[in-house]
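*Asks:* Protein chains in written order, with the numbering used here: chain A, 801 to 1187; chain B, 801 to 1187.
2 protein chains.
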Amino acid sequence: MSDIVIAGIGQIQVGEHWEIGIRDLAFLVIRAALRDALGIQPQALIVGNMLAPNLSKQSHLGTLLADFAGLTGIEAITVEAAEASGGMALRQGYLAVKSGWVDAVLVVGVEKMTDQVGSGVETALATTMDSDFEAVHGVTTASQAALLMQRYLHEYSIPPDGLAGFALTAHANGAGNPNAMFRKPISLDTYRKAEPISPPLNLFDAAPNADGAAALILTRRDRLPKDWPHPPIALLASATASDALALHDRRDPLFFEALAIATRRALEQAKITLEQIDFLEYHDAFSIYAALSLEASGFAERGQGCRLAAEGHIARDGDLPCATMGGLKARGFAGGATGVYQAVEAALQLRGQAGACQVKPARVGMIQSLGGPASTAVVHILSNQIE
Amino acid sequence: MSDIVIAGIGQIQVGEHWEIGIRDLAFLVIRAALRDALGIQPQALIVGNMLAPNLSKQSHLGTLLADFAGLTGIEAITVEAAEASGGMALRQGYLAVKSGWVDAVLVVGVEKMTDQVGSGVETALATTMDSDFEAVHGVTTASQAALLMQRYLHEYSIPPDGLAGFALTAHANGAGNPNAMFRKPISLDTYRKAEPISPPLNLFDAAPNADGAAALILTRRDRLPKDWPHPPIALLASATASDALALHDRRDPLFFEALAIATRRALEQAKITLEQIDFLEYHDAFSIYAALSLEASGFAERGQGCRLAAEGHIARDGDLPCATMGGLKARGFAGGATGVYQAVEAALQLRGQAGACQVKPARVGMIQSLGGPASTAVVHILSNQIE
Chain A
801 MSDIVIAGIG QIQVGEHWEI GIRDLAFLVI RAALRDALGI QPQALIVGNM
851 LAPNLSKQSH LGTLLADFAG LTGIEAITVE AAEASGGMAL RQGYLAVKSG
901 WVDAVLVVGV EKMTDQVGSG VETALATTMD SDFEAVHGVT TASQAALLMQ
951 RYLHEYSIPP DGLAGFALTA HANGAGNPNA MFRKPISLDT YRKAEPISPP
1001 LNLFDAAPNA DGAAALILTR RDRLPKDWPH PPIALLASAT ASDALALHDR
1051 RDPLFFEALA IATRRALEQA KITLEQIDFL EYHDAFSIYA ALSLEASGFA
1101 ERGQGCRLAA EGHIARDGDL PCATMGGLKA RGFAGGATGV YQAVEAALQL
1151 RGQAGACQVK PARVGMIQSL GGPASTAVVH ILSNQIE
Chain B
801 MSDIVIAGIG QIQVGEHWEI GIRDLAFLVI RAALRDALGI QPQALIVGNM
851 LAPNLSKQSH LGTLLADFAG LTGIEAITVE AAEASGGMAL RQGYLAVKSG
901 WVDAVLVVGV EKMTDQVGSG VETALATTMD SDFEAVHGVT TASQAALLMQ
951 RYLHEYSIPP DGLAGFALTA HANGAGNPNA MFRKPISLDT YRKAEPISPP
1001 LNLFDAAPNA DGAAALILTR RDRLPKDWPH PPIALLASAT ASDALALHDR
1051 RDPLFFEALA IATRRALEQA KITLEQIDFL EYHDAFSIYA ALSLEASGFA
1101 ERGQGCRLAA EGHIARDGDL PCATMGGLKA RGFAGGATGV YQAVEAALQL
1151 RGQAGACQVK PARVGMIQSL GGPASTAVVH ILSNQIE
């Protein structure tokens, strides 16, 4: 089976970190991951970030973070694929070790979104869409998701609160995660009374923009110290695909084709079926993304994704626990750090260290990182079942 | 010897392309590279770009360009390492094929810098420096280079026009390159009379910011069609290293340590010595960078880099032709596209298709891509001498 393992993890609570900058956020999680890796030294640093050139006036993050973390001289790059930047950084790290290019690689996802005034974040986020044909008309990521949601509710005759289950599940799970931004469960009544952001999408249909960073170290299994104290967590699969960037260029806007392709590729690589997935970290930037992700991946029929949420299937004790540490909705959406958070959370589940969020069984987990409405999709499969 | 070859190349003249946008620039060179590759189809697209999130209000370029070029569905990412983004994209492409991850990869460098008014470009370029400790004080890439140049002239008692040879050589070579922005040789008198930009750095010490795009396709040698009409160009080596991002954090600002490390690594990989390099494409964003690059790489002693230019060694008929198609100075500086231009130009030299710019012999070429004052350095060695 796969010989690429996660040897160290680090994360910081997602939230509004007014007191520190983007380099500090990254430093804290790099230090944590290096400590957790018990001295394994990476030869390369791959940074996943989506908005720092705009929001932090800082590009060249690879070299900056290597330098600031005391790793000066190391190979360092930044990978960008919009909201999927973290997932794509993980994939580049996987390929770096898999190819023999390096023995160990440090993958860092980091984003600082809360230092902005006015519409700075929305404007920056709009650069991830088709700038000339979408953003130019004032479309934001939220209003685009609202269009998708509206169409979905109409197409499948779903009531306005039909997607509530995603937010309820996320907040219920986030309550148990010390690194989550929001740690309070919400009720259906709260969801129903929430302010609309872009109708029919309300406050609880959208993940909060926040600051955060997560890091992990990947290495080959034979490089783990002999007295390694954790169950080794293997990356069984890493796959990605792209779609038309602009929503209006899609054959079927309600089908996340890139995610469907990437999921299929990942399952083939891991030589498993969907039924063997014990838990799923989807990219619930908006609740409609969660519904469409379940459908594109094959976990639900078209138009039935929201039922998995409404009927409890995705709850911690359901048959497919999702957003187990709160997802983007309750853990918080820290831009390009997201995909790395998902991997760190999946590793915690597979190590049995997820505390109040622990799902059982936790043998195989899938994580999905999306850029835009699945314009880019990156899928990884992780497991503690190593032959 | 190396089994990774350049199977197709494409470029557009560097300049002010007011009439088209960033996606069009990229499309034109992707089409050219695909045609030149005689039907070899890439499975992944790697984009090198440094400033589009700021200057074109467009991130997520990997997926956008894949989509716009009719390659929807393909794996697509953007790699950023400041001015070295193009070289780093080439390196990621090299690793992608070398690792067996894909059979063929499309590497595109693209930048659109001339749509800005006022100080937009300088502000954007400043994001590549240490934003909190350099850019915040108003330092620009040019004024930073001026500091380096001032120190260099002082340290080695070099007269104010001591670096003129770099601009003269670049413009002499650019005159023969149909894709160069500037195609007129300049005289020493012209150099001496040029306006200062940031003293002692004058107009001819700085490469012009411009629009441009270049593309190439990498594949394994055994994937080339049997009737391949060109000499195969192999990538013998690909290496990179980083340094402190901020100039004030360097032990010795006049030594490009990351470039020294990357050059040494590349030579080791290629199993050759400096003497076997027939021509060099250095990163002459500023003439002082060219001098320091020659010194860090080992082509010249400390303080002697400028003599290689003054004495004709780097001229087309010298013993180490440099900037053979005009370099950044005369071909033009198209940001993150630069490293890919260098590779395309080196391929033309090695194919014997460099026209008026052809150097002889052209068996082994080295290209150096720098981010900042060698905060990031990427070095590749190319050759048509394949065993």
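Quick reminder that beta carbons are idealized off the backbone N, C-alpha and C, glycines included.
Should K857 (chain B) be flagged as near chain A, meaning a C-beta pair shorter than 8 angstroms?
*Replies:* Answer yes: the Cβ-Cβ gap between K857 (chain B) and chain A drops below 8 angstroms somewhere.
*Asks:* Thinking C-beta only, is A1014 (chain A) closer than 8 angstroms to S1183 (chain A)?
*Replies:* With contacts defined by Cβ atoms closer than 8 angstroms, S1183 (chain A) and A1014 (chain A) do not form a contacting pair.
*Asks:* Is there a Cβ of chain A sitting closer than 8 angstroms to that of N854 (chain B), yes or no?
*Replies:* yes
*Asks:* Would you say the stretch 1134 to 1153 of chain A touches the stretch 989 to 997 of chain A, given that touching needs at least three Cβ pairs under 8 angstroms?
*Replies:* no
*Asks:* Any C-beta of chain B sitting closer than 8 angstroms to the C-beta of V1159 (chain A)?
*Replies:* It does not; no Cβ of chain B falls within 8 angstroms.
*Asks:* State yes or no: is the beta carbon of G1171 (chain A) nearer than 8 angstroms to at least one beta carbon in chain B?
*Replies:* Cβ-Cβ to chain B under 8 angstroms: yes for G1171 (chain A).
*Asks:* Between M949 (chain A) and chain B, is there a C-beta pair that is closer than 8 angstroms?
*Replies:* no
*Asks:* Provide the residue span of the beta strand (DSSP E) that contains F1079 (chain A), from first to last.
*Replies:* 1079 to 1081
*Asks:* Between the stretch 912 to 931 of chain B and the stretch 907 to 922 of chain A, do at least 3 Cβ pairs fall closer than 8 angstroms?
*Replies:* With the cut-off at 8 angstroms, the stretch 912 to 931 of chain B and the stretch 907 to 922 of chain A do not touch.
*Asks:* Measure how close the beta-carbons of D1043 (chain B) and S1175 (chain B) come, nearest whole angstrom, since I'm counting them as under 8 angstroms.
*Replies:* 5 angstroms
*Asks:* Check N1002 (chain B) in the structure and name its three-state DSSP category.
*Replies:* In this structure, N1002 (chain B) counts as strand in the three-state DSSP scheme.
*Asks:* In chain A, what lies closer than 9 angstroms to S939 (chain B) by C-beta?
*Replies:* Sequence check: residue 939 (chain B) is Val here, not Ser. By Cβ distance, chain A contributes nothing, its closest Cβ being about 13 angstroms from V939 (chain B), past 9 angstroms.
*Asks:* Select from the stretch 886 to 909 of chain A all residues with a C-beta closer than 9 angstroms to any C-beta belonging to chain B, and list them in chain order.
*Replies:* Answer in chain order: M888, R891, Q892, L895, A896, K898, S899, G900, W901.
*Asks:* Which of the three DSSP states, helix, strand or coil, is assigned to M981 (chain A)?
*Replies:* coil
*Asks:* Less than 8 angstroms between the beta carbons of P1008 (chain A) and F1133 (chain A), yes or no?
*Replies:* yes
*Asks:* Kindly list the residues whose CB is nearer than 7 angstroms to the CB of H954 (chain B), restricted to its own chain and excluding five residues on each side of it in sequence; keep chain order.
*Replies:* Non-local beta-carbon contacts of H954 (chain B) in its own chain, meaning distances under 7 angstroms to residues more than five positions away in sequence, are absent.
*Asks:* Step through the CB atoms of chain B and report whether any lies within less than 8 angstroms of the CB of E995 (chain A).
*Replies:* Judged by the 8 angstroms Cβ criterion, E995 (chain A) is not in contact with chain B.
*Asks:* Taking the continuous beta strand (DSSP E) assigned at E816 (chain A), which residues delimit it?
*Replies:* Careful: E816 (chain A) lies outside any beta strand (DSSP E) and carries neither H nor E.
*Asks:* Is it buried or exposed for A1130 (chain A), if we count other Cβ within 10 angstroms and need 16 for buried?
*Replies:* buried
*Asks:* Is it true that the CB of I1186 (chain A) sits closer than 8 angstroms to the CB of P959 (chain A)?
*Replies:* no
*Asks:* At a CB distance below 7 angstroms, what residues from the stretch 1002 to 1019 of chain B approach chain A? Give them in sequence order.
*Replies:* none
*Asks:* State the DSSP-derived secondary structure class of R779 (chain A), mapped to helix, strand or coil.
*Replies:* Within the shown structure, residues of chain A are numbered from 801 to 1187, placing residue 779 (chain A) beyond reach of any answer.
*Asks:* Measuring only the C-alpha atoms, how far is I812 (chain B) from A1137 (chain A)?
*Replies:* Spanning the alpha carbons of I812 (chain B) and A1137 (chain A) requires a straight line of approximately 35 angstroms.
*Asks:* Just the chain A side, please: which residues come within less than 9 angstroms of M850 (chain B) by C-beta, in chain order?
*Replies:* P853, S859, H860
*Asks:* What are the residues in the stretch 1029 to 1047 of chain A lying within 9 angstroms of chain B by C-beta distance?
*Replies:* A1039, T1040, A1041, S1042, D1043, A1044, L1045, A1046
*Asks:* So is E875 (chain B) in contact with chain A if we call contact Cβ pairs under 8 angstroms?
*Replies:* yes
*Asks:* For T1073 (chain A), is the classification buried or exposed, using 16 other Cβ atoms within 10 angstroms of its Cβ as the cut-off for buried?
*Replies:* exposed
*Asks:* Assess contact between the stretch 895 to 903 of chain B and the stretch 852 to 872 of chain B, defined as three or more Cβ pairs (one per stretch) separated by less than 8 angstroms. Is contact present?
*Replies:* no
*Asks:* Smallest Cα separation from A926 (chain A): which of B:I1114, B:A926, B:A852?
*Replies:* When only C-alpha atoms are compared, the closest one is B:A852.
*Asks:* Please report the straight-line C-alpha distance between Q841 (chain B) and I830 (chain A), rounded to a whole angstrom.
*Replies:* 38 angstroms
*Asks:* Pull up the CB-CB distance for K857 (chain B) and S931 (chain A), whole angstroms please, since I reckon it's below 8 angstroms.
*Replies:* 5 angstroms
*Asks:* What three-state label does DSSP hand L953 (chain A) in the structure shown?
*Replies:* helix
*Asks:* Pick out the complete alpha helix (DSSP H) segments inside the stretch 1009 to 1091 of chain A, 4 residues or longer, and give them in chain order.
*Replies:* 1057 to 1070
*Asks:* Please classify G1171 (chain A): does DSSP put it in a helix, a strand, or coil?
*Replies:* strand
*Asks:* Where M801 (chain B) and A1070 (chain B) are concerned, what is the direct C-alpha to C-alpha distance, given to the nearest angstrom?
*Replies:* Interpretation of M801 (chain B) is limited by its pLDDT of 44, a score under 50 that renders its predicted location unreliable; the figure taken from the coordinates is listed afterwards. Their backbone Cα atoms lie some 8 angstroms apart in a straight line.
*Asks:* For the stretch 1058 to 1083 of chain B, enumerate the residues whose C-beta is nearer than 8 angstroms to any C-beta of chain A, in chain order.
*Replies:* A1058, I1061
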